[in-house]
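Protein chains in written order, with the working numbering: chain A, 20 to 235; chain B, 75 to 386. Just so it is clear, CB atoms sit at the ideal spot from N, CA and C, and this is done for glycine as well. All figures in this text were calculated on a predicted structure; none of them were measured in a lab.
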Amino acid sequence: MSIITYIVDNWGTLGPQVTTHIEIVAMSMAAAALIGLILGVFAARSERFSTLILGVTSTLLTVPSFALFGLLSIWAGLGNPPVIIGLILYALLPVVRNTSTGIRAVDPAVTEAARGMGMRPSQVLARVELPLAAPAILGGLRQATVMVVAIATVGATVGADDLGQPILEALGRSSGTLVQVLAGVIPVAAIGLVADGVLAGVQRVLSRGAARGAVG
Amino acid sequence: MITFDRVSKRYGRVTAVGELSLEVASGEIVVLAGPSGCGKTTSLTMINRLIEPTSGAISIDGRDTATMDVNALRRSIGYVIQQVGLFPHQTVAENIATVPRLARWSRRRVAGRVEELLELVGLPPGDYAQRLPAELSGGERQRVGVARALGADPDILLMDEPFGAIDPVVRVRLQNELLRLQKVLHKTIVFVTHDIDEAVRIGDRVALLSQGGVLEQYARPVELLAHPASAFVAEFLGEGRMVRRLALLRVRDARLAQPNGSGLPTVSVRADASLRDALDAILRADGGRVTVRDVDTVLGVIDSESIREASR
């Protein structure tokens, strides 16, 4: 049985799983982007906070996803919620790190000029630092998104109804076939590639001014 | 008028500026000069409170700056730095519009102001308004930096080694442009440099600082070069003070001799030339005398003796 006909024949189950998978990723990334951006700004301002938050977020990444989702499900119940929370925690490191690095890389002369002209700290951040750090921040979001799309499959073990389900089912049955596993893996890869491509496009557009102006 | 009243800045035990008292008169260019570590940049940035004094007060037209809203204060003072610090993600026009936009000017008024300022600094708006900073030469960038500082037409301009990173030829051109602009604008300008030649060329007055922000002498350049107040000042001024000072004096201010019977010397200088140029002409002329002309009118004759007299 060809993989394509299998996917078409089983679209009744796979379709909703694709939708759920995308929803889980989108929700986790939206929250991780917001939280990560805020933490990243603070990390750029304070060396001590930077060490602390980068330590915590990289430690989180070393916890096996299977175990993290399991632990979170004790508190958040089974289904999508523990997976979304877990994915947010995983996505933080690249977002925080890149936001902080991007802001720190802004030429001090540029921020000095901005302050010297009477911009409030919030205006310096919004009008100067974040726009100039945008390409780096987008880079962090890309890394995190691709990672989260893949890890979300493990969420099936705590009952998330995403593309982990067909894989888990196939692996759990003695009659499971490679085709069944691929029916989960291929849509996951496709989602990852599309998300990465879209974010890369946004990154290119945002980099235009900043990259050309790198020496300015 | 900007007044420093016993202003000090200390970092722990290190004194960057010690009890500095200084008055900058409105409409004048005052240059803060001195070797590195003399606190000149610290003194400058205490005016717009990028650095806050440890003690003492700075007032503008009698108002203590410490009592003013810091961002309102900064918007009322133009600020130009050596690295320019243009916003690389914004066009030249957007950069220049920064302070007017912060002050919430109308779109049309901002656009008009940007065009006016680009004309003022000699960059045709049609060519330059939509460029990014990376597409400009060093000299052009600093012109945009000056235009941006003049954005909302501040009375005061602070310039921190603005031409320090620019090659000598363009540098002299920018210095001349600044002097030309100042004839029209009459701003109160505080200008920091470590280059004494720039200081005496640009400044109406020069404040010479030594290590720890100690004011060694505050005088007009002609006075400074003729009568250095201390060995430190004399050393900082360097060799050939009296000859360099001639560049600051005009031929028309010297006492000219009337031409005698033997006719006018063939070599001539313009009345608004410097005494340095006149001396150069005298050294070239056969008789040791040159004719002084104001356009076509002969004003008299000048020789080395009248230069010596005028330079006392």
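7 Å CB neighbourhood of Ala102 of chain A in its chain, flanking five on each side removed: What sits at residue 102 of chain A in the sequence shown is Val, not Ala. In chain order, Ile43, Phe88, Ala171, Gly174, Val177 and Ala179 place their CB closer than 7 Å to the CB of Val102 of chain A, counting only its own chain and leaving out the 5 sequence neighbours on each side.
Less than 8 Å separating the beta-carbons of Val167 of chain A and Leu106 of chain A? Yes, Cβ-Cβ distance for Val167 of chain A and Leu106 of chain A is below 8 Å.
Rounded straight-line distance, which links the Cα of Ile356 of chain B to that of Ser133 of chain B: Distance between the alpha carbons of Ser133 of chain B and Ile356 of chain B: 49 Å.
Considering just the uninterrupted stretch of the alpha helix (DSSP H) at Asp354 of chain B, what are its terminal residues? For Asp354 of chain B, the uninterrupted alpha helix (DSSP H) segment begins and ends at Leu349 to Arg358.
Among A:Ala128, A:Leu91 and A:Leu160, whose alpha-carbon lies nearest the alpha-carbon of Thr118 of chain A? For the set A:Ala128, A:Leu91 and A:Leu160, the Cα lying nearest the Cα of Thr118 of chain A is the one of A:Leu160.
Between the CA atoms of Ser82 of chain B and Val91 of chain B - distance to the nearest angstrom: Whole-angstrom Cα-Cα distance: 5 Å.
In terms of alpha-carbon separation, which member of A:Trp30, A:Leu53 and A:His40 lies closest to Val207 of chain A? Taking each of A:Trp30, A:Leu53 and A:His40 in turn and checking the Cα distance to Val207 of chain A, the smallest one comes out for A:His40.
Along the chain, where does the beta strand (DSSP E) that runs through Ser385 of chain B open and close? For Ser385 of chain B, no beta strand (DSSP E) segment is defined, and its DSSP state is neither H nor E.
Cβ atoms of Ile155 of chain B and Ala128 of chain A: under 8 Å apart, would you say? A contact, by the Cβ cut-off of 8 Å.
8 Å Cβ cutoff, Pro150 of chain A in contact with chain B: Under the 8 Å criterion on CB atoms, Pro150 of chain A is classed as interfacial with respect to chain B.
Which listed residue (B:Ser336, B:Glu235, B:Leu322 and B:Glu309) has its alpha carbon closest to that of Tyr153 of chain B: Nearest C-alpha to Tyr153 of chain B: B:Glu235.
With H, G and I counted as helix, E and B as strand and the rest as coil, what does DSSP make of Phe85 of chain A? Helix, per DSSP.
When burial is assigned at 16 or more other CB atoms within 10 Å of the CB, is Phe161 of chain B buried or exposed? Buried, by the Cβ-count rule.
Let's test the definition: count the other Cβ atoms within 10 Å of the Cβ of Tyr394 of chain B and tell me whether it reaches 16, buried, or not, exposed. Past the edges of chain B, shown from 75 to 386, lies residue 394 of chain B, and the structure says nothing about it.
Could you check the C-alpha separation between Ile376 of chain B and Pro228 of chain B for me, to the nearest Å? Cα to Cα, the separation comes out at about 44 Å.
Alpha carbon of Met46 of chain A to alpha carbon of Arg245 of chain B, nearest angstrom: Looking at the two C-alpha atoms, the distance is approximately 56 Å.
Out of B:Glu214, B:Arg182, B:Leu191 and B:Arg148, which one is the CA nearest neighbour of Gly135 of chain A? It is B:Arg148.
Can you find the residues in the same chain that come closer than 6 Å, C-beta to C-beta, to Thr32 of chain A, ignoring five residues on each side of it along the sequence? Cβ within range, chain order: n/a, list empty.
Applying the criterion that 16 or more other CB atoms from any shown protein chain within 10 Å of the CB defines a buried residue, is Asn250 of chain B buried or exposed? Exposed, since its Cβ has fewer than 16 Cβ neighbours within 10 Å.
Mind pulling the chain A residues with CB within less than 7 Å of Thr172 of chain B? Neighbours of Thr172 of chain B in chain A, taken as residues at a C-beta separation under 7 Å, are given in chain order as Met136.
Considering just the uninterrupted stretch of the alpha helix (DSSP H) at Asp201 of chain B, what are its terminal residues? It spans Pro199 to Tyr202 - the alpha helix (DSSP H) in which Asp201 of chain B sits, taken as one unbroken run.
Got a sec: which bits of the segment 199 to 211 of chain A sit with their beta carbon under 7 Å from any beta carbon on chain B, in order along the chain? So the list is empty, because no residue satisfies the distance condition.
Closer than 7 Å between beta carbons: that is the criterion. Which residues of the segment 117 to 129 of chain B meet it against chain A? Using a CB distance below 7 Å, the part of the segment 117 to 129 of chain B facing chain A consists of Asn122 and Leu124, ordered along the chain.
Give the residues of chain B in contact with Arg223 of chain A, contact being defined as C-beta atoms less than 8 Å apart. The contacting residues do not exist; Arg223 of chain A stays about 14 Å from chain B at best.
State yes or no: is the C-beta of Val280 of chain B within less than 8 Å of the C-beta of Leu298 of chain B? Yes, Cβ-Cβ distance for Val280 of chain B and Leu298 of chain B is below 8 Å.
Any idea what DSSP makes of Glu290 of chain B, helix, strand or coil? In the three-state scheme derived from DSSP, where H, G and I count as helix and E and B as strand, Glu290 of chain B is classed as strand.
Once you ignore the five residues that flank Ile381 of chain B on each side, which residues in its own chain have a CB closer than 8 Å to its CB? Beyond the five residues adjoining it in sequence on each side, Ile381 of chain B comes within less than 8 Å, by CB distance, of Leu320, Ala328, Leu349, Ala352, Leu353 and Ile356 in the same chain, given in chain order.
Separation of Gly225 of chain B from Arg182 of chain B, as counted between CA atoms: Straight across, the Cα-Cα distance linking Arg182 of chain B with Gly225 of chain B is about 14 Å.
Neighbour flag for Ala90 of chain B against chain A, beta carbons, 8 Å: Residue contact with chain A for Ala90 of chain B: absent (no Cβ-Cβ distance below 8 Å to any residue of chain A).
Val60 of chain A: contacting residues in chain B (beta-carbon distance under 8 Å): Near Val60 of chain A there are no residues of chain B at all, since even the closest Cβ is about 18 Å away, more than 8 Å.
Compare the C-beta of Ala132 of chain A with all C-beta atoms of chain B and state if any pair is closer than 8 Å. So, interface residue.
Identify whether Ala273 of chain B lies in helix, strand or coil by the three-state DSSP scheme. Helix, per DSSP.
According to DSSP, is Ile376 of chain B helix, strand or coil? Of the three classes helix, strand and coil, the one that applies to Ile376 of chain B here is strand, per DSSP.
Taking only runs that begin and end inside the segment 206 to 281 of chain B, name each unbroken alpha helix (DSSP H) of 4 or more residues, in chain order. Assignment of alpha helix (DSSP H) within the segment 206 to 281 of chain B, counting only whole runs of 4 or more residues, yields 212 to 223, 242 to 259 and 270 to 276 in chain order.
If I measure Cβ to Cβ from Gly213 of chain B and keep anything under 7 Å in the same chain, skipping five residues before and after, which residues do I get? Beyond the five residues adjoining it in sequence on each side, Gly213 of chain B comes within less than 7 Å, by CB distance, of Ile240, Val244 and Leu248 in the same chain, given in chain order.
Could you run through the segment 95 to 127 of chain A and flag, in chain order, every residue whose CB is less than 8 Å away from some CB of chain B? If the cut-off is 8 Å between Cβ atoms, the segment 95 to 127 of chain A has Asp126 near chain B.
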